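S.K.:
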Amino acid sequence: MRKMPVIAAVSALVLALGGGALWMTRAPAGGREPARQQLATSLTLLERGNATAARSWALKASRSDPKWPLAHAVLARTYLALGEGLAAQAALGRARDAGFDMGRAHQLRAEALLLQGDAKAALKEVRKADPRFARYALRVAARALAAQGDLPAAQMLLTGVLRQVGGRDAAAWAELGRVRQQVGDVGGAIDAATRALSIDHRRVDALTLRAELVRGQYGLVAALPWFEEALRVDPWRHDTLIAYAATLGDAGRNRDMLRASRRALAARPGSADALYLQAVMAARAGENDLARALLQRTGGALDGRPGPLLLAGVLDYAT
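Numbering-wise, my numbering puts 252 at position 249 of the sequence shown, and it's gapless, one number per residue.
1) Does the distance from the CB of W71 to the CB of R35 come in under 8 Å?
2) Which residue's Cα is closest to the Cα of A38: R66, S201, M159?
3) Give me the Cβ distance between L118 and A108, rounded to the nearest whole Å; I'm assuming they're in contact under 8 Å.
4) Quick one: Cα of T211 to Cα of L234, how far?
5) Taking the alpha-carbon positions, what's the A3 to A321 distance?
6) If you drop the 5 nearest sequence neighbours on each side, which residues of the same chain put their C-beta closer than 7 Å to that of L251?
7) Would you report the Cα separation of K131 and L179, rounded to the nearest angstrom?
8) Roughly how many angstroms separate the alpha carbons of A144 and G222, rounded to a whole number?
9) Quick test of your reading: L73 and R58, contact by CB under 8 Å. State the CB separation rounded to the nearest angstrom.
10) Buried or exposed: which applies to R29, given that a residue is buried once 16 or more other Cβ atoms fall within 10 Å of its Cβ?
11) Would you mind sorting S201 into buried or exposed? The rule is 16 or more other CB atoms within 10 Å of its CB.
12) Do the CB positions of L154 and V189 come within less than 8 Å of each other?
13) Is the beta carbon of V207 less than 8 Å from the beta carbon of R171?
14) Determine the burial state of E215: buried for a count of at least 16 other Cβ atoms within 10 Å of its Cβ, exposed for fewer.
15) Using only the alpha-carbon positions, how far apart do E232 and A54 sit?
16) State the Cα-Cα distance for the pair I1 and G102, rounded to the nearest angstrom.
17) Once DSSP output is grouped into helix, strand and coil, what is the label at M63?
18) State the CB to CB distance for the pair A91 and Y82, rounded to an integer number of angstroms; the pair is presumed to be in contact (CB under 8 Å).
19) For L126, I'd like the list of residues in its chain whose CB is within less than 7 Å of its CB, leaving aside the five on either flank, ordered along the chain.
20) Taking its Cβ as the centre, do 16 or more other Cβ atoms sit within 10 Å of R218, making it buried, or is it exposed?
21) So what does DSSP say about P311, is it helix, strand or coil?
22) According to the Cβ coordinates, are A149 and Q185 closer than 8 Å?
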């Protein structure tokens, strides 16, 4: 691969890290070209919405050149896109150790903390973000506020972001749609998801949100094409596979549900959500011992959630 296309693709890190200036190191003679090519592929896939494949290529780049901080930073960004906060935080730590300017990564670290359930720490961290990454930081702050239950403040932040850019921020629209869904504003959520997709028709989060909204409006079967469109963009997106599998199961398509849940387990080994769905399917088939075993394998990760609590109660009653 010629250097110019690779460097051009790597420059897409402006988008991947939230906008602003790009930090790079010079390659030692003959030591970084494979990693550059792999990272360019990762960034191209990330821009196209396939974060799972982007993660695989970023991981290859970080292994090809473990001392290249940019590779670890991009890997962290792909983990964030996939909702894997702990893995993202670890990748950011490796980027820091390799020399990455962590002043450019406060918004990423904030998102990693948020994904691990620490909204308070995320809000504290996001306040340190460089102004060049303000939009990204504000989107993270809005999600943290929503996680704390302050949905009006979350909506206010997101509408402010959209006002600043004339509505041209697909990620902000997708986030706003999710917040509107939480407050029961179905019409507003549909509008936000539609606007996100009009800007970027490959946004998996917006496609998944649209699928969930269609499921509520028009029923299970009507939602399936939206999930399938999202999975055409990223066939191994864990959270979309989980929602798709649950919808298939509720629609009575148990074999398809099993296939989708197995794909989710392949995408995220040990996935508690996938194991729970398989436990539900086993219980429906009267395989209570198998259902109990699958539920136990979740290791308490779903404690407190209504569905798993109900299933556990049903299985205890059937003993």
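Note that the Cβ used here is the ideal one computed from N, Cα and C, for glycine as well. Bear in mind that the values here come from a model prediction, so they are computed numbers and not experimental data.
M.R.: So, from the listed chains and residues:
1) Along the sequence shown, one-based indexing puts residue 71 at 68. Along the sequence shown, one-based indexing puts residue 35 at 32. Yes, these two residues count as a Cβ contact at 8 Å.
2) The residue given as residue 38 occupies position 35 in the sequence shown. Nearest of R66, S201, M159 to A38, Cα basis: R66.
3) For the purposes of this step, residue 118 is identified with residue 115 of the sequence shown, where counting begins at 1. For the purposes of this step, residue 108 is identified with residue 105 of the sequence shown, where counting begins at 1. Actually they do not touch by this definition, with Cβ atoms about 15 Å apart.
4) Start at 1 with the first residue of the sequence shown, and residue 211 comes out as number 208. Start at 1 with the first residue of the sequence shown, and residue 234 comes out as number 231. T211 and L234: Cα-Cα distance of roughly 9 Å.
5) It is not possible to answer for residue 3, since the shown part of the chain is limited to 4 through 322.
6) On the sequence shown, position 248 is the one that residue 251 refers to. Result list for L251: D259, M260, A263, in chain order.
7) In the sequence shown, residue 131 corresponds to position 128, counting from 1. In the sequence shown, residue 179 corresponds to position 176, counting from 1. Cα to Cα, the separation comes out at about 23 Å.
8) If you number the sequence shown from 1, residue 144 lands on position 141. If you number the sequence shown from 1, residue 222 lands on position 219. So the two alpha carbons sit approximately 33 Å from each other.
9) Residue mapping note: residue 73 aligns to position 70 of the sequence shown, counting from 1. Residue mapping note: residue 58 aligns to position 55 of the sequence shown, counting from 1. Not really, about 15 Å apart at Cβ, beyond 8 Å.
10) Position 26 of the sequence shown, counted from the start, is the residue given in the question as residue 29. Confidence at R29 is low in this model, with a pLDDT of 46, below 50, so the placement of that residue should be treated as unreliable; the coordinate-derived value is given next. Result: exposed.
11) For this step, residue 201 is matched to residue 198 along the sequence shown. Exposed.
12) By 1-based counting over the sequence shown, the position of residue 154 is 151. By 1-based counting over the sequence shown, the position of residue 189 is 186. Result no, Cβ atoms of L154 and V189 do not sit closer than 8 Å.
13) For this step, residue 207 is matched to residue 204 along the sequence shown. For this step, residue 171 is matched to residue 168 along the sequence shown. No.
14) Start at 1 with the first residue of the sequence shown, and residue 215 comes out as number 212. Per the 10 Å Cβ criterion, buried.
15) Here residue 232 is taken as the residue at index 229 of the sequence shown, counted from 1. Here residue 54 is taken as the residue at index 51 of the sequence shown, counted from 1. Going by the C-alpha atoms only, they are around 15 Å apart.
16) Any answer about residue 1 is impossible in this case: the structure gives the chain only from 4 up to 322.
17) Translated into the one-based positions of the sequence shown, residue 63 becomes position 60. A small correction: the amino acid at residue 63 is Lys; Met does not occupy that position in the sequence shown. In this structure, K63 counts as helix in the three-state DSSP scheme.
18) In the sequence shown, counting from the first residue as 1, residue 91 sits at position 88. In the sequence shown, counting from the first residue as 1, residue 82 sits at position 79. That belief holds up - the Cβ atoms of A91 and Y82 are roughly 4 Å apart, short of 8 Å.
19) On the sequence shown, position 123 is the one that residue 126 refers to. Hits under 7 Å: A144, A147.
20) In the sequence shown, residue 218 corresponds to position 215, counting from 1. Per the 10 Å Cβ criterion, buried.
21) As a working mapping, residue 311 is identified with position 308 in the sequence shown. If DSSP states are grouped into helix, strand and coil, P311 belongs with the helices.
22) Translated into positions along the sequence shown, residue 149 becomes position 146. Translated into positions along the sequence shown, residue 185 becomes position 182. Yes, they are a contact pair.
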